[in-house]
Amino acid sequence: MTRAQATLMSVMLGAVFTLAAYTDTLFVAAAVVIAQLMVAAAPAPSDERGRRIACPRFGPALAAALVATAVTVFPDLWIGASGTTTGSIGFISSGLMSGAVPGMTVGLLGALLGQMLRKDGRPSLVLSLSYATALCMFAVLLVGWIGASQSLGGAPLVALGSIAVGVALFVWLVPGGRAVVGIAAVVAASAATGLSTLYLSGPANMGLIFGATVGAGIGLFAILGQVLGRAWSLAPGHSAAGWGFAGAMSLALSAPVVFISSQFLGTGLGL
Numbered sequence: 200m201t202r203a204q205a206t207l208m209s210v211m212l213g214a215v216f217t218l219a220a221y222t223d224t225l226f227v228a229a230a231v232v233i234a235q236l237m238v239a240a241a242p243a244p245s246d247e248r249g250r251r252i253a254c255p256r257f258g259p260a261l262a263a264a265l266v267a268t269a270v271t272v273f274p275d276l277w278i279g280a281s282g283t284t285t286g287s288i289g290f291i292s293s294g295l296m297s298g299a300v301p302g303m304t305v306g307l308l309g310a311l312l313g314q315m316l317r318k319d320g321r322p323s324l325v326l327s328l329s330y331a332t333a334l335c336m337f338a339v340l341l342v343g344w345i346g347a348s349q350s351l352g353g354a355p356l357v358a359l360g361s362i363a364v365g366v367a368l369f370v371w372l373v374p375g376g377r378a379v380v381g382i383a384a385v386v387a388a389s390a391a392t393g394l395s396t397l398y399l400s401g402p403a404n405m406g407l408i409f410g411a412t413v414g415a416g417i418g419l420f421a422i423l424g425q426v427l428g429r430a431w432s433l434a435p436g437h438s439a440a441g442w443g444f445a446g447a448m449s450l451a452l453s454a455p456v457v458f459i460s461s462q463f464l465g466t467g468l469g470l
């Protein structure tokens with residue numbers, strides 16, 4: 200997948216996330232599952248000679264994603280019987296903290312089971328297992344967008360995150376030294392999100408400084424996600440043009456920043 204294709208994929212996913220956030224959390228979850236499917240469908244890994252190795256990965260990554268998404272949307276599933284608790288009320292209220300752990304647990308167990316069922320003598324076992332586990336983690340990270348939509352920032356914060364991702368990646372398309380272009384992309388994302396807070400009807404403390412700070416962090420991780428996703432997919436023997444993995448990775452790596460930003464809105468630190 201080229202840089203332009205990955206950027207367009209990320210922008211489209213961000214737009215869908217934003218539209219869904221202004222509608223209902225269930226629609227955000229449905230959009231997130233689409234991105235998670237793109238992560239789970241990543242190409243098989245290659246060894247040092249460029250030969251593809253067996254790696255049961257789609258099932259474990261999808262299972263991890265669905266469990267994390269379900270618990271994030273319906274956190275009451277994790278509370279348990281009447282009179283019992285699983286953690287602080289703050290964590291349960293958003294569902295994100297309670298969803299990530301069981302999601303990764305299911306994914307890791309699925310990855311181990313997949314290795315146990317291999318019939319090829321399990322060559323490159325460590326590489327295969329670590330690859331599948333990493334995909335589980337990337338897929339689970341995407342639920343951060345759901346947590347943000349459930350937070351005090353709500354849909355305006357999701358929109359802010361999508362703007363940062365889009366602006367940073369579009370500037371990243373500009374040819375030139377990658378370090379200089381990267382800095383320009385982060386600055387552009389910071390400026391765009393800072394100004395956007397003047398027009399988005401979010402919480403009172405979601406102001407210019409908050410938007411600029413959040414935009415810089417989201418823009419940086421969106422670029423890192425695309426770089427990692429394209430490098431991951433362009434290994435010898437991969438046909439990366441047909442994959443949405445790199446596009447989804449920008450949303451995956453920026454998701455924790457979006458969610459953490461949403462938590463600051465409730466602390467009085469937003470400006």
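Here the sequence shown stands for residues 200 to 470, where the numbers follow our numbering.
Every residue gets a Cβ at the ideal spot worked out from N, C-alpha and C, and that includes glycine.
Give every residue of the same chain whose Cβ lies closer than 7 Å to the Cβ of residue i, excluding the five residues on either side of it in the sequence, and list them in chain order.
i      : result
Thr392 : Leu359, Ile362, Ala363, Gly410, Ala411, Val413 and Gly414
Gly443 : Met208 and Met237
Ala384 : Ala367, Val370, Trp371, Gly418 and Ile422
Ala262 : Val305, Gly306 and Gly309
Phe216 : Val227, Ala230, Trp344, Val357 and Ser361
Which residue or residues does DSSP assign as beta-bridge partners of residue i?
i      : result
Arg251 : Ser245
Rank the options by C-alpha distance to the C-alpha of residue i and give the top, closest one.
i      : options                           : result
Val272 : Ala338, Arg251, Gly298 and Ile252 : Gly298
Ala447 : Thr332, Ala241, Thr224 and Thr217 : Ala241
Gly346 : Thr201, Pro455 and Ile233         : Pro455
Leu218 : Ser348, Asp275, Leu316 and Thr332 : Ser348
Ser460 : Gln204, Tyr221 and Gly343         : Gly343
Gln425 : Gly249, Thr222 and Gly381         : Gly381
Gln204 : Pro402, Ala445 and Leu450         : Ala445
Leu341 : Phe458, Thr206 and Ala214         : Phe458
Trp431 : Tyr221, Leu397, Asp223 and Tyr330 : Tyr330
Which residues in the same chain have their Cβ closer than 6 Å to the Cβ of residue i, if we skip the five residues on either side of it in sequence?
i      : result
Pro255 : Gly313
Ala387 : Val366 and Val370
Ser389 : Ala411, Gly414 and Ala415
Val210 : Gly365
Leu452 : Phe420, Leu423 and Gly424
Ala260 : Ala239, Leu334, Cys335 and Ala338
Cutting at 8 Å between CB atoms, please list the residues of its own chain near residue i, excluding the five before and the five after it.
i      : result
Phe257 : Ala239 and Ala240
Leu399 : Pro355, Ala358, Leu359 and Met405
Asp319 : Ala253
Arg202 : Trp371, Leu372, Gln425 and Arg429
Gln462 : Ser350
**Continuous alpha helix (DSSP H) assignments of at least 4 residues falling wholly in the segment 332-385** = The alpha helix (DSSP H) runs lying completely inside the segment 332-385 and spanning 4 residues or more are 343-349 and 353-371, given in chain order.
**Message:** If contact is defined by three or more beta carbon pairs under 8 Å, each pair taking one atom from either stretch, is the segment 353-368 in contact with the segment 320-329?
**Reply:** Result no; under three Cβ-Cβ pairs closer than 8 Å.
**Message:** Quick test of the definition: if touching needs 3 or more C-beta pairs under 8 Å, does the segment 257-266 touch the segment 301-309?
**Reply:** Between the segment 257-266 and the segment 301-309 there are three or more C-beta pairs closer than 8 Å, enough to call the two in contact.
**Request:** Examine the Cβ distances between the segment 224-244 and the segment 305-319 and report whether three or more of them are shorter than 8 Å.
**Result:** Fewer than three beta-carbon pairs drawn from the segment 224-244 and the segment 305-319 are found closer than 8 Å, and the two stretches are therefore not classed as touching.
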